[in-house]
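Residue numbers (my numbering): 4 to 293.
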């Protein structure tokens, strides 16, 4: 077989692409004190490197977060701007580093006194086709998960929380016209002492499932309006299944005391509540206007 100089030169870029693809990992590792490249538990990376680690995964890969090696302390959000591809989601999950079994990794924020506290994971453009599971959030501000840009296909499962402002917040970052969330699932997420609510979903968000989730509110004295699960703007095609929202109350709110378990607005559509419960609200258990 004759090989010309031209064919060899043409193959060089392809060889580079192949080597780049081969360098991608199927799994990378995060530890509380990590300063490595994430290639092993011994060389674990820090949680603040999460977006770069996801970019280094092959489609369908996973980030394993050691839950048995200590607490992940946050004073600012972990920014996520990378994800998987359609049909091959990236997974980010807490595990026992000894055997790989699922184990909630504790994420400790700085919420205290009058301080609202930091968000935990801020999902920015590019964080599509991604699944988070097995995290335990404590003292977190407006979003254990904050959707800050238009993204799609996000799943959050098997998480716990205590003393938070909101578990899921949906507010566009500066420079983003909206932060619509398309194709999302929240499943088996439960916790207590949520000041403003479990979730707020808005813009043109659609195609969502919230299943087997529960939250207990933290009574607000005065101005803040608490809602367990709040839909706004034009959010549509969302199903709640077997969810319980309890104790979202506004005390001394003046002439009218707010505080709902579930709420939706006139421009929302195709909202379903299946076997859900709301308890101990100072206003409506289900304040449904759609």
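Every residue gets a Cβ at the ideal spot worked out from N, C-alpha and C, and that includes glycine.
Counting only the Cα atoms, residue 152 lies some 26 Å from residue 32. Bridge pairing for residue 233: 203, 266 [DSSP].
At the C-beta level, residue 196 and residue 219 come within 8 Å of one another.
Secondary structure at residue 179: coil, using DSSP grouped into helix, strand and coil. Using a Cβ distance threshold of 8 Å, residue 237 and residue 199 do not count as a contacting pair.
Looking only at 43, 80, 57, the smallest Cα-Cα distance to residue 65 is reached by 57. In terms of Cβ geometry, residue 129 and residue 84 form a close pair [threshold 8 Å]. A residue is called buried once 16 or more other Cβ atoms fall within 10 Å of its Cβ, and residue 157 is buried on that count.
The DSSP assignment places no complete alpha helix (DSSP H) segment of no fewer than 4 residues inside the segment 56 to 128. Between residue 150 and residue 184, the C-beta spacing is below 8 Å.
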